[in-house]
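Here's the structure we're looking at; comments come further down.
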Amino acid sequence: MQFVTDFLKPYKLTLQQYNILRILRGKYPEAITVTFIRDRMLDRMSDVSRLVEHLRKKELVVRTTAGSDRRRMDIIITEEGLTLLEEIEKENEQMDKRLATLDKQEVVQLNFLLDKFRNIVIAENVM
Numbered sequence: 000m001q002f003v004t005d006f007l008k009p010y011k012l013t014l015q016q017y018n019i020l021r022i023l024r025g026k027y028p029e030a031i032t033v034t035f036i037r038d039r040m041l042d043r044m045s046d047v048s049r050l051v052e053h054l055r056k057k058e059l060v061v062r063t064t065a066g067s068d069r070r071r072m073d074i075i076i077t078e079e080g081l082t083l084l085e086e087i088e089k090e091n092e093q094m095d096k097r098l099a100t101l102d103k104q105e106v107v108q109l110n111f112l113l114d115k116f117r118n119i120v121i122a123e124n125v126m
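Residue numbers (numbering that gives the first Met the number 0): 0 to 126.
This is the structure we're talking about:
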């Protein structure tokens with residue numbers, strides 16, 4: 000999760016916001032409710048309304064009142080949101096291609112070394 004969090008940082012997105020954008024893209028061009036999003040979130044403990052509001056301020060989603068029920072909000076991803084997802088996924092594809100050059104033993108070794116490095120960093124922060 001930390002890897003994905005760090006990967007999304009340059010895009011100024013959290014993992015939960017990225018998850019919401021992907022859910023919205025899956026239903027695009029249809030608008031969906033906050034409840035629909037919450038039911039499909041990887042992290043169901045997230046405050047979806049707050050996350051959607053952050054995405055709205057970034058102009059990645061549009062939020063509208065759903066007809067006669069003023070409490071129900073419909074959410075739809077914007078063109079900017081779709082473009083951002085494309086950008087992120089191109090970078091992700093490139094990273095996957097780089098990692099695909101490693102064989103199984105090298106992947107195990109890389110994971111071991113990353114865990115070792117992470118433990119060193121954690122130990123230094125504790126001191």
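Heads up, the beta-carbon is just placed ideally off N, CA and C, and yes, glycines get one too.
- Burial of G80 is indicated by the presence of at least 16 other C-beta atoms within 10 angstroms of its C-beta.
- Under DSSP, no beta-bridge partner is assigned to V47.
- Under DSSP, T63 takes part in a beta bridge, and its partners are D73.
- Here G66 has no same chain residue with a Cβ atom under 7 Å from its own Cβ, once five neighbours each way along the sequence are excluded.
- Residue environment for V106: exposed (fewer than 16 other C-beta atoms within 10 angstroms of its C-beta).
- Straight across, the Cα-Cα distance linking Y10 with T77 is about 16 Å.
- The Cβ-Cβ distance between L50 and I75 does not fall below 8 Å.
- The stretch 20 to 34 makes no contact with the stretch 0 to 9, as fewer than three CB pairs between them are under 8 Å.
- DSSP places K26 in the uninterrupted alpha helix (DSSP H) bounded by 14 to 26.
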